[in-house]
Amino acid sequence: MKFVAATGLLAALALTACNPSIPEEAHAAAAPDTASAEKVEAHVRFLADDLLEGREAGTRGYDIAALYVAEQFRAYGLQPGGDDDNYMQQVPLFRYQLDQSAPQSLAVTDGADLALELGSDYLISASSQVEEGLVEAPAVFVGYGFIAPDGSRNDFEGVDLDGKIAVIFRDAPSDLNTEERAHYSSTSYQRLSEAGAVGVITLYHPVAQERYSFERRAAMARMGRASMTWVDADGNAHSSAPNLKAAATMSIAGAKKLIEAAGRDYDALVEETVTGTAPFELGLTLRIEANSTHEEITSPNVAAILPGTDEMLASEYVVLSAHLDHEGKKPSFNETEDTLFNGAMDNASGTSALLEVARLLALDPPQRSVVFVAVTAEEKGLVGSDYYARFPTVPAEGVVANVNLDMPIMTYEFEDVVAFGTERSNLYEPVKAAVEDAGLTLSPDPNPDLGLFTRSDHYSWVKQGVPATYLVPGHANGGGEAQAKFLAEDYHRPSDEADQLNFNALARFAGVKADIARSVANMEERPGWNEGDFFGDMFAGAGE
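Just so you know, the sequence shown maps onto residues -17 to -1, 1 to 527 in mature numbering (1 follows the signal peptide of the UniProt record, and there is no 0).
Spelled out as structure tokens, the structure:
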């Protein structure tokens, strides 16, 4: 078996060397200190090869990818940045998923005679906190589960959630800045847990249905996808909402049945919640039942350090991150497709750019030190980056900025870039200068409603109080259409393959990222949040 694996590795590497998709003159013209289309293509084709079986965290395929990245770091002369003078930081992971052999149900046990159907009216979520999940309690509607910092809105006011099942719409008030809105939406379960809720029912509403339909969520659930978190020093599965023991999601159809059984109108409640309807007891007792399987595994973050050249600034670290994992092997939406989710764009492209940035910076190191980290389990909820940001392998007080690379959609010649969150800190000027020096335009977020600043690995560092930026190609020169096409047809599907990438564009993107990283690492002042910034104030002192 070892011989077969080694043969496959050599064959995959050979394919990267002979692929004709890049003109020979481009190969010959690339100077050592400029980004190489040939090199990024080689990385992508290896990382997205069938041999690695989709690089799911905790699998042999991911481990092969991690070893590949580590040996590239070694070849560039970077210092090991993992555990015990190694390139690997082993992340203790906790894998949990629904036990499909056990009953799973959501039922009204008191207050109404209501029949609900699994798969069409509701879905049950696995629990990381209990294996035998059974919660039966009165239900309380609490809007978005939102509390305004200035006290102008409190969705919990006047109700007692202790020991209850909370019923919410998963969102936040629309008058918030979109990035702040995404933050409050993603942390609603934490507030429910802190208020004493033991279970949660999330109701679909029309906006959520448009963004990510209940039907697609149900199709994903049928695939039996496992979730993950990391394990703390006491052996407990980390959770931001540890009091919640059971959870379900209801479709619009199911939500209408539930709300009408409580004597309210669903459509009116959707509208009222936007402006802040008063929380209320539904007058119903709900029962959520589901068992979960639990398993502890490990999967490494791969980290390397490039020491800074300035005697004073070398103790400060700019972290460059990209997630190495993808979705692995699982049933497809389409029976005629293969079952390998190779993740060429997501995120072999970002990891390949990270490797090329590491090579370029190693040729001419900046004043501050740079940590390069390829993280695990991003697809499971930013788990690997959250672990590294909380438990860095360099002094935490020295981590001053994060620059993240995640799924740059590289099917076209881009002319502009978007740098999410950069305007919130003093990273803006060096990022803008590097982008414009490359002959590109720095554009505003073209899809602010998506709240992308909270949806990739950089957010793990933001939550530790570290300024961050996340750069992607923009919508100019047909980029909007190209990105929409990829997201509709290939995102998290087996069709995300290497052949669709424009490797010359990816190399240019890596070069821009290298210039940005160098500019940030050479800043005269320490990177920091702008005065009064929401995230800077929210997470001030988090990493202390």
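Think of the CB as a built atom: it goes at the ideal place given N, C-alpha and C, for glycine as much as any other residue.
Give me the Cβ distance between leucine 106 and leucine 99, rounded to the nearest whole Å; I'm assuming they're in contact under 8 Å.
11 Å between Cβ atoms; not a contact.
Could you spell out where the beta strand (DSSP E) holding asparagine 513 opens and where it closes?
Where asparagine 513 is concerned, there is no enclosing beta strand (DSSP E), given that its DSSP letter is neither H nor E.
Can you tell me whether threonine 334 is buried or exposed, with buried defined as 16 or more other CB within 10 angstroms of its CB?
buried
On the three-state DSSP scale, how would you describe isoleucine 392?
coil
May I have the straight-line CA-CA distance separating alanine 297 from serine 332, to the nearest angstrom?
Between alanine 297 and serine 332, the C-alpha separation is close to 29 Å.
Look up lysine 312 in the DSSP assignment and give the residues it is bridged to.
Leu323
For a test of the three-state rule: what should DSSP assign to leucine 89, helix, strand or coil?
strand
Which first and last residues belong to the alpha helix (DSSP H) in which glutamine 55 is found?
Membership of glutamine 55 in the alpha helix (DSSP H) is indicated by the continuous run 43 to 58.
Assuming tyrosine 195 is part of the alpha helix (DSSP H), what are its boundary residues?
Segment: none, tyrosine 195 is in no alpha helix (DSSP H) and carries neither H nor E.
Taking the alpha-carbon positions, what's the proline 63 to proline 75 distance?
19 Å
To the nearest angstrom, how far is it from the Cα of valine 503 to the Cα of alanine 244?
56 Å
Name the one or two DSSP bridge partners that aspartate 67 has.
Looking at the DSSP output, aspartate 67 sits in no beta bridge, so it has no partner there.
Quick one: grab the DSSP three-state call for phenylalanine 397.
coil
I need the DSSP call for alanine 523, collapsed to helix, strand or coil.
coil
Taking C-alpha atoms, which residue in Pro427, Ala48, Tyr395, Asp93 lies nearest to arginine 407?
Pro427
Do the CB positions of leucine 265 and phenylalanine 124 come within less than 8 Å of each other?
Yes.
Identify, in the order they occur along the chain, each residue of the same chain with its Cβ nearer than 8 Å to the Cβ of glutamate 7, setting aside the five sequence neighbours on each side.
Because glutamate 7 carries a pLDDT of 41, less than 50, the predicted location of this residue cannot be relied on, and no value is offered for it.
Who pairs with phenylalanine 139 in a beta bridge, going by DSSP?
Beta-bridge pairing links phenylalanine 139 to no other residue.
Starting from asparagine 487 and walking both ways along the alpha helix (DSSP H), at which residues does that stretch end?
486 to 504
Could you check which residue in Val301, Ala287, Ile280 has the C-alpha nearest to that of aspartate 67?
Ala287
Quick one: is glutamine 83 buried, meaning 16 or more other Cβ sit within 10 Å of its Cβ, or exposed?
Exposed.
Based on Cα-Cα distance, which residue from Met390, Val401, Val353, Tyr395 lies nearest to glycine 381?
Val353
Provide the residue(s) that pair with alanine 120 in DSSP beta bridges, ordered along the chain.
Leu269
Would you kindly check if the distance between the Cβ of valine 301 and the Cβ of arginine 342 is under 8 Å?
no
Tell me the DSSP secondary structure of glycine 462 in three-state form.
helix
Rounded to a whole number of angstroms, what is the C-alpha to C-alpha distance between alanine 231 and glycine 524?
Each residue's alpha carbon lies about 34 Å from the other.
My understanding is that asparagine 409 touches glutamate 299, with C-beta atoms under 8 Å, so please give their C-beta distance in whole angstroms.
Actually they are not in contact, since the Cβ atoms of asparagine 409 and glutamate 299 sit about 14 Å apart, beyond 8 Å.
Secondary structure at arginine 205, three-state DSSP: helix, strand or coil?
helix
Give the C-beta separation of glycine 37 and valine 118 to the nearest angstrom, bearing in mind that I take them to be a contact with Cβ-Cβ under 8 Å.
Actually they do not touch by this definition, with Cβ atoms about 34 Å apart.
Quick one: complete beta strand (DSSP E) runs, 3+ long, within the segment 424 to 473?
424 to 426, 451 to 456
Start and end of the beta strand (DSSP E) containing leucine 303?
300 to 306
Inspect the CB distances between the segment 428 to 435 and the segment 158 to 170 and report whether three or more fall short of 8 Å.
yes
On the premise that valine 418 lies in contact with valine 400, defined as a C-beta separation below 8 Å, what is that separation, rounded to the nearest angstrom?
6 Å
Given this structure, state the Cα-to-Cα distance separating alanine 11 from valine 495, to the nearest angstrom.
Unreliable placement is indicated for alanine 11, whose pLDDT of 40 sits below 50; no coordinate value is reported for it.
Might you give, ordered along the chain, the residues of its own chain that have their beta carbon closer than 6 Å to the beta carbon of proline 450, omitting 5 neighbours on each side?
Ala384, Ser408, Leu410, Pro510, Trp512
Look at the alpha carbon of alanine 236 and the alpha carbon of serine 103, and state the distance between them as a whole number of angstroms.
Their Cα atoms are separated by approximately 8 Å.
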